[in-house]
Structure formats: structure tokens, C-alpha cells
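Novice: Residue numbers (the working numbering), protein chains in the order written: chain A, 497 to 916; chain B, 5 to 227. Take this structure, written in C-alpha cells, and hold onto it; I'll ask about it next.
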């Protein structure tokens, strides 16, 4: 079975449509929740593609058409060049990891047996089953010796969800389908599971289709994001940064939210923006010379550093004496210390907290790399608003086929999320 | 009761262990055969009803109707066909188990959460694998609860089979003979053994359920 094995596969939706009959004659012509309308998109191997949208927009239907829990009305889903519709059903499903919100662990089986489900269906020898399930429990951060022989009822929600992920990965499938996998756990656990999963994906590098109704989760988790709109229409498909920078329609702009500038900042890191050099000096340096250098800089501040180039604090040019040397007592350590991995959102919040305009960026040893000014962050935020034509709040069009006609058509994106 | 007769004659009891044991074995036969047949029929019906929900109501109605037929009447109807045989006793006793068994089996299958079935399907279980490896094991607690109830009922009902003959009459035969012969020891013993048997069966099934479904009794919060 390993001979033709691939770590990740390309998944392509090729004009996929799923139609459902209207629930009653009165609803004829309206889009039926769950329907999908001519969906075409391609997920490259090893990428996380998030399907996001309000409830009834067809995102879950699209996901379930990949492992054929739902068969498309027309169109094809092509996995590594092969039409999924032509593959043997159970063989197809066993080659695709599947994680659902309610987890769906088998209550009558131990955690070890649950994880080994698909390998057992594939007929792996017993010894390998146990080895594999222990390996996977370790991978998702659960001590095999402690968890292997327990039953699902003995685990917390977060632990169960980890087991769900381990079970989906058991036969090393090239594709994983995840339907709101972290939707049923509390926000703190969700955040931790998201981070763990992103770290895990760095090693496993699967092709992942991931459904959520939470735009923040989509932005955080996705290499690619497909925004669905009621009626099963793909409203926009692209990188999270691009969607935030240039929403393709008013619907997308409303769905990603008015704060998309801020959301962009959570995706950008200090490493992504230019830094400005700092005027630095060490204790004991010639003060007159340092004063001149500080005056020549637009910031008019000197950054005092130690022998390892680590920042000590700021000295305003006016506070630098005309003679003698610089001293540590003159320095004011007020700026936040940032590193290349700090997100711009965190950097901004740290600067606002400290009530300063500039953050000091240091490397791993703590040595000064440069300065990040609040203006640079503001520029980055504005970059996203070049395409902000949809922010001018045009008269809202009635939501086509909104499942609840009583809904305020001008609902804010928050309200859209809350309703799901 | 003629004056002077002992209420319970222990001498007779100690002298007739063989006969009593034989009746007890017959009674077990009158209980186990209908139970096994009833379990098989009810399992098939319950799986069918879970796959085709519209089957549920008619099956419930028919098993309920069968349950209302008085056993003596059933024996009378069957006698011309099957004679004074064990089969004549087994058929009504089997049909009486169906109402309880079918309902509890169907409840056991429908109680399996939808997300578990979806997970099984999504991971590539065939229908048969899903039935035998997921649905059936998860229905076991309710299946055994039904069997417990049906076994207790059948143990009591089986005493009536004595009217069909001596050859397989079970504890009912002891009771009948005791009444007809004005010998209370026999009917008291028959009744007591029947009650004890019911208690024993109930206890055994409770133990059995614990052993085969350790997952249903695993303590939550064992950390």
C-alpha cells in the first residue's frame, strides 16, 4: 500500500454543483440551505484551505462531497488527477482523514482502538496497529501510556478532539477533511488546539480542507480561504492577506469585518516590514558626539545599549550633556521590546500600552536590530484599505435567499457570525 | 388442604431431588428456547426497522397484538397443527418475547448518536462493518435490558406449558400436580423455584452486561 503513497494530494473542485429540492412549494426559487452552485477551486498539495461562510452557505456540503458522504449533482472533484466519483467508495474514504465537530469517537472502544480505526479497516497487522496508535497519540500530545486504555467518556472535550485528529491521521492519508473541528471547545482550549494543529501541520504537511463559520479562525488557520455566500456561491478565494486587503464584494467586506485592517496586522509580523536604524551609544561614549548624532536623526533620541548590543533605554537629545560621557542613569527604558516573530497587532498594542511611538526590535540574543515605528504599522494598515470601496457602506442589498427573512439585511458581520 | 398435611414436607423434598431437578431443566428449556428464538427474530426486525423507519409502527402493532393472545387460546389453536408437543409451547412463548425485545432492540439502535454513525461512514466502514462493529456493540446495554425483562417474563409464563403435558412441563408441572393432589409442598416448591430462577436470571444478566460493556461503566474523570 505504501508504494503509491503520497504525503499530500491536490484537490480540485471542477464546476461542482449540488442542488436540493425546495422544502416546500412556497420556497421555490429560493436557494436551499446546503446547496452548492458551480464551485471551482483548486487546493495545492500540502496547503490548508478554509471554507468559511454563514450557515447554509454550502461549505459543509462541499467538504462532504470530497469523501462522497454527499454526491454532487454535477461536476467532478478531482484528487491528484483522479475523479473521486470513479473510485471505490470505502477505499476513497479510508484514504481521507475525517474530523467532525462532535468528534464521533466510538464510546465502546478504548482510545488506542479508536485511533487505530482506519488501519484496522485496512487490515494492518495487530502489532502495527498498536504501534501506530501510540505514535499518533504522542504526536497530538497525549501520553500513550496514560490514555491508550481509557474510554472516550473519561476524556475532556479538548482531549477528545485531539484523539479525533489522531484517528484521522492514523493511516497517513494525503487529505484531511475537518468540519468545524474546534467548534465545540471553549475559546482558550480552541486557541491552544489551533496552535498545536498549525505546528503539527508543519511536520505532516497534509492537504487540508477545513470548514468554519468563524472568520478569525479562517484567517488564522488558512493558507487559502474560500469565502462562501448564501446560495452556495464562492464569493472569494485567495490568501487571507489578499482577502483582507481587497475583498471582492460587499458581502466579503462585511463578512471579514470592519476591523479587517487590524486583522491584517495579526497576520503580518515585524519581519514583514522595513525597520529604521537606531542611533545608539554605550555608557562612557563621548556625550558631545552622541548629542550631535541624536540631533541629526529625525527621532532625536539616542538608544543606550550595553556591550552585547542589548537595549538599556532612551536618552532624548536635549538630555545629553555637552561634555563628558553617556551614563546609564540618563536612560529611560520605556519602549517595548519586539522580535521578528512578533505580529504587528501585538506590536501596536504594546506601543499603545507603553504610550510610545517606537518599538525596539531585537534578535535572539537580545541585540538591537532596528526600530519599528507606529507610522510603519499605520502604513501597513492603510495598504489594506486601497481597495476599501466597500467600506463606504452602500445601501445594503437584500440578502438573497437569507434563510431567515426576518433578518436585518444590514446586519453587521458580527451578527452574521453570531447567527450561525 | 386435608387436615394433618404439612405445609411443607421436607422429607418429600429430600427424597425427590432427581424429579425436581428434571423439572427445573425442563423449565430452563421452556425459557431459553423462546428467548433465543425471540432474540434472533427481534434483532432482524429491529435492524430492519432502523433502516426503514416506516416499518417500526406496524411491527410494534403486530408484536403488541401477539402479546395480547391468551396462552391457553394459543395452545388450543396450535394443538391441531403441532399436537401436544414442545413446539406448541415454544411458539406462543416466543411470540410473547417479541414485544419487549423488539422495542428495546430498536431503542438500542436508534440511541446510537448520529455523529458516531457519520464518523464511521466517513472513515470508510461498509454497512455491514458499521452494523456489527459499531451499532450492535453500542446497542448492547439496551439489548441486554430487554433480554433481562423478557427472561423474567418468560420464566413466569412458561409455567402454563404444563397444560400441554408431562414430558416437558417444567415447574408448572410441579405446581399443577401439587394443586391437583392437594400437596402444597409441590406447588410451593414449583412457585419458589420459578421466582428464584427469575431472580437468578436477572442477576446474571446484570453481571453479564457489566462484563461485556466495560465502556458504559468506565468512571468519568479518571485522570
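Even for Gly, the Cβ is constructed at its ideal location relative to N, Cα and C.
On the premise that residue 753 of chain A lies in contact with residue 711 of chain A, defined as a C-beta separation below 8 Å, what is that separation, rounded to the nearest angstrom?
Specialist: The residue given as residue 711 of chain A occupies position 215 in the first chain. The residue given as residue 753 of chain A occupies position 257 in the first chain. Right, their Cβ atoms sit about 7 Å apart.
Novice: Spell out whether any CB of chain A is found under 7 Å from the CB atom of residue 130 of chain B.
Specialist: On the second chain, residue 130 of chain B is found 126 positions in, with the first residue counted as 1. Output row for residue 130 of chain B: interface = yes.
Novice: Could you give the DSSP three-state label for residue 218 of chain B: helix, strand or coil?
Specialist: As a position in the second chain, residue 218 of chain B is number 214, starting the count at 1. Three-state DSSP puts residue 218 of chain B in a helix.
Novice: Kindly indicate the opening and closing residues of the beta strand (DSSP E) around residue 919 of chain A.
Specialist: Residue 919 of chain A lies beyond the stretch modelled for chain A, which goes from 497 to 916, so this question has no answer here.
Novice: So is residue 148 of chain B in contact with chain A if we call contact Cβ pairs under 7 Å?
Specialist: The residue you call residue 148 of chain B lines up with position 144 of the second chain. Closer than 7 Å: no.
Novice: Considering just the uninterrupted stretch of the alpha helix (DSSP H) at residue 751 of chain A, what are its terminal residues?
Specialist: Numbered from its first residue, the first chain carries residue 751 of chain A at position 255. It spans 746-752 - the alpha helix (DSSP H) in which residue 751 of chain A sits, taken as one unbroken run.
Novice: Considering only C-alpha positions, which residue in the set A:769, A:779, A:740, A:707 is nearest to residue 760 of chain A?
Specialist: In the first chain, residue 760 of chain A corresponds to position 264, counting from 1. Comparing Cα-Cα distances from residue 760 of chain A to each of A:769, A:779, A:740, A:707, the minimum goes to A:740.
Novice: Looking at residue 730 of chain A and residue 742 of chain A, is the spacing between their C-beta atoms short of 7 Å?
Specialist: Locating residue 742 of chain A in the first chain gives position 246, counting from the first residue. Locating residue 730 of chain A in the first chain gives position 234, counting from the first residue. Result no, Cβ atoms of residue 742 of chain A and residue 730 of chain A do not sit closer than 7 Å.
Novice: What does residue 596 of chain A touch in chain B if you count any residue whose Cβ is under 7 Å from its own?
Specialist: Against the first chain, residue 596 of chain A aligns to sequence position 100. What residue 596 of chain A touches in chain B: 119, 122, 123.
Novice: Taking any Cβ of chain A, which residues in the region 213-224 of chain B have a Cβ under 9 Å from it, in chain order?
Specialist: For the region 213-224 of chain B, which is checked against every Cβ of chain A, the residues closer than 9 Å are 217, 218, 219, 220, 222, 223, 224.
Novice: Measuring only the C-alpha atoms, how far is residue 938 of chain A from residue 653 of chain A?
Specialist: Outside the displayed span of chain A (497 to 916) sits residue 938 of chain A, for which this structure offers no information.
Novice: Residue ranges of each alpha helix (DSSP H) run of no fewer than 4 residues wholly in the region 102-130 of chain B, ordered along the chain?
Specialist: Taking only runs of at least 4 residues, the alpha helix (DSSP H) segments lying wholly in the region 102-130 of chain B are 118-126.
Novice: Within its chain, find whatever has a CB closer than 7 Å to the CB of residue 616 of chain A; leave out the 5 residues flanking it on each side and keep chain order.
Specialist: Translated into positions along the first chain, residue 616 of chain A becomes position 120. So the qualifying residues of the chain are 625.
Novice: Taking only runs that begin and end inside the region 46-96 of chain B, name each unbroken alpha helix (DSSP H) of 4 or more residues, in chain order.
Specialist: Here the runs fully enclosed are 60-72, 75-86.
Novice: Measuring CB atoms only, is the region 662-681 of chain A touching the region 516-523 of chain A, in the sense that at least three cross pairs come out at less than 8 Å?
Specialist: No: the two stretches stay apart, fewer than three of their Cβ pairs being nearer than 8 Å.
Novice: Which term fits residue 509 of chain A, buried or exposed, when burial requires 16 or more other beta carbons within 10 angstroms of its beta carbon?
Specialist: Along the first chain, read from residue 1 onward, the residue named residue 509 of chain A stands at position 13. Buried, by the Cβ-count rule.
Novice: Ends of the alpha helix (DSSP H) at residue 672 of chain A?
Specialist: Your numbering for residue 672 of chain A matches position 176 in the first chain. Taken as a continuous stretch (DSSP letters only), residue 672 of chain A belongs to no alpha helix (DSSP H), being part of the beta strand (DSSP E) at 671-675.
Novice: Helix, strand or coil, according to DSSP, for residue 536 of chain A in the structure here?
Specialist: Numbered from its first residue, the first chain carries residue 536 of chain A at position 40. In the structure shown, residue 536 of chain A sits in a strand (DSSP, three-state: E or B).
Novice: Under the rule that 16 or more other beta-carbon atoms within 10 Å means buried, what is residue 819 of chain A, buried or exposed?
Specialist: Within the first chain, residue 819 of chain A is the residue found at index 323, counting from 1. Exposed is the call here.
Novice: With 7 Å set as the bound, which would you pick, yes or no: does the beta-carbon of residue 610 of chain A sit closer than that to a beta-carbon of chain B?
Specialist: Taking the first chain and counting its residues from 1, the one referred to as residue 610 of chain A is at position 114. So no, residue 610 of chain A is outside the interface.
Novice: Can residue 855 of chain A and residue 840 of chain A be called in contact, C-beta distance under 7 Å?
Specialist: Reading the first chain from its first residue, position 359 is the one you call residue 855 of chain A. Reading the first chain from its first residue, position 344 is the one you call residue 840 of chain A. Result no, Cβ atoms of residue 855 of chain A and residue 840 of chain A do not sit closer than 7 Å.
Novice: Is there contact between the region 822-833 of chain A and the region 773-781 of chain A, where contact requires at least three CB pairs shorter than 8 Å?
Specialist: Enough Cβ pairs lie closer than 8 Å, so yes.
Novice: Grab the span of the alpha helix (DSSP H) containing residue 15 of chain B for me, first residue to last.
Specialist: Numbered from its first residue, the second chain carries residue 15 of chain B at position 11. From DSSP, the alpha helix (DSSP H) with residue 15 of chain B extends over 14-19.
Novice: Hey, could you find the ends of the alpha helix (DSSP H) residue 137 of chain B is sitting in?
Specialist: On the second chain, residue 137 of chain B is found 133 positions in, with the first residue counted as 1. Residue 137 of chain B -> no alpha helix (DSSP H), and no H or E assigned at all.
Novice: What in chain B is Cβ-close to residue 600 of chain A, meaning under 7 Å?
Specialist: On the first chain, position 104 is the one that residue 600 of chain A refers to. Simply 119, 120, 122, 123.
Novice: Once you ignore the five residues that flank residue 67 of chain B on each side, which residues in its own chain have a CB closer than 6 Å to its CB?
Specialist: Taking the second chain and counting its residues from 1, the one referred to as residue 67 of chain B is at position 63. Closer than 6 Å at the Cβ level, and outside the excluded window around residue 67 of chain B, lie 102, 103, 106.
Novice: One question on the structure: do residue 537 of chain A and residue 733 of chain A come within less than 7 Å of each other, judged by their Cβ atoms?
Specialist: If you number the first chain from 1, residue 537 of chain A lands on position 41. If you number the first chain from 1, residue 733 of chain A lands on position 237. Taking 7 Å as the Cβ cut-off, residue 537 of chain A and residue 733 of chain A qualify as a contacting pair.
Novice: My guess is that residue 869 of chain A and residue 772 of chain A are in contact by the Cβ rule of under 8 Å, so how many angstroms apart are they, rounded?
Specialist: The sequence position of residue 869 of chain A within the first chain is 373, counting from 1. The sequence position of residue 772 of chain A within the first chain is 276, counting from 1. Going by Cβ atoms, the distance from residue 869 of chain A to residue 772 of chain A rounds to 6 Å, so yes, they are a contact pair.
Novice: Would you tell me roughly how many angstroms separate the C-alpha atoms of residue 768 of chain A and residue 851 of chain A, rounded to the nearest one?
Specialist: Position 272 of the first chain, counted from the start, is the residue given in the question as residue 768 of chain A. Position 355 of the first chain, counted from the start, is the residue given in the question as residue 851 of chain A. Answer to the nearest angstrom: the Cα atoms are 23 Å apart.
Novice: Is the beta carbon of residue 174 of chain B less than 7 Å from the beta carbon of residue 31 of chain B?
Specialist: If you number the second chain from 1, residue 174 of chain B lands on position 170. If you number the second chain from 1, residue 31 of chain B lands on position 27. Closer than 7 Å, so yes.
Novice: How long is the line joining the alpha carbons of residue 901 of chain A and residue 51 of chain B, rounded to whole angstroms?
Specialist: Numbered from its first residue, the first chain carries residue 901 of chain A at position 405. Numbered from its first residue, the second chain carries residue 51 of chain B at position 47. Reliability of the predicted coordinates at residue 901 of chain A is poor, the pLDDT of 39 falling under 50, and the value obtained from them is presented with this limitation in mind. C-alpha separation (whole angstroms): 41 Å.
Novice: Using a C-beta to C-beta distance shorter than 7 Å, which residues of chain B count as neighbours of residue 828 of chain A?
Specialist: As a working mapping, residue 828 of chain A is identified with position 332 in the first chain. What residue 828 of chain A touches in chain B: nothing, since even the nearest Cβ is about 49 Å away.
Novice: In whole angstroms, give me the CA-to-CA distance for residue 696 of chain A and residue 38 of chain B.
Specialist: The residue you call residue 696 of chain A lines up with position 200 of the first chain. The residue you call residue 38 of chain B lines up with position 34 of the second chain. Rounded to whole angstroms, residue 696 of chain A to residue 38 of chain B spans 56 Å at the Cα level.
Novice: When you compare only the Cα positions, how much space is there between residue 603 of chain A and residue 623 of chain A?
Specialist: Taking the first chain and counting its residues from 1, one reaches residue 603 of chain A at position 107. Taking the first chain and counting its residues from 1, one reaches residue 623 of chain A at position 127. Their Cα atoms are separated by approximately 23 Å.
Novice: Report yes or no: is there a C-beta of chain B within less than 7 Å of the C-beta of residue 533 of chain A?
Specialist: On the first chain, residue 533 of chain A is found 37 positions in, with the first residue counted as 1. No, residue 533 of chain A lies away from the interface with chain B (no Cβ there is under 7 Å from its Cβ).
Novice: Could you compute how far the alpha carbon of residue 599 of chain A sits from the alpha carbon of residue 690 of chain A?
Specialist: Within the first chain, residue 599 of chain A is the residue found at index 103, counting from 1. Within the first chain, residue 690 of chain A is the residue found at index 194, counting from 1. In a straight line, the C-alpha of residue 599 of chain A is about 15 Å away from that of residue 690 of chain A.
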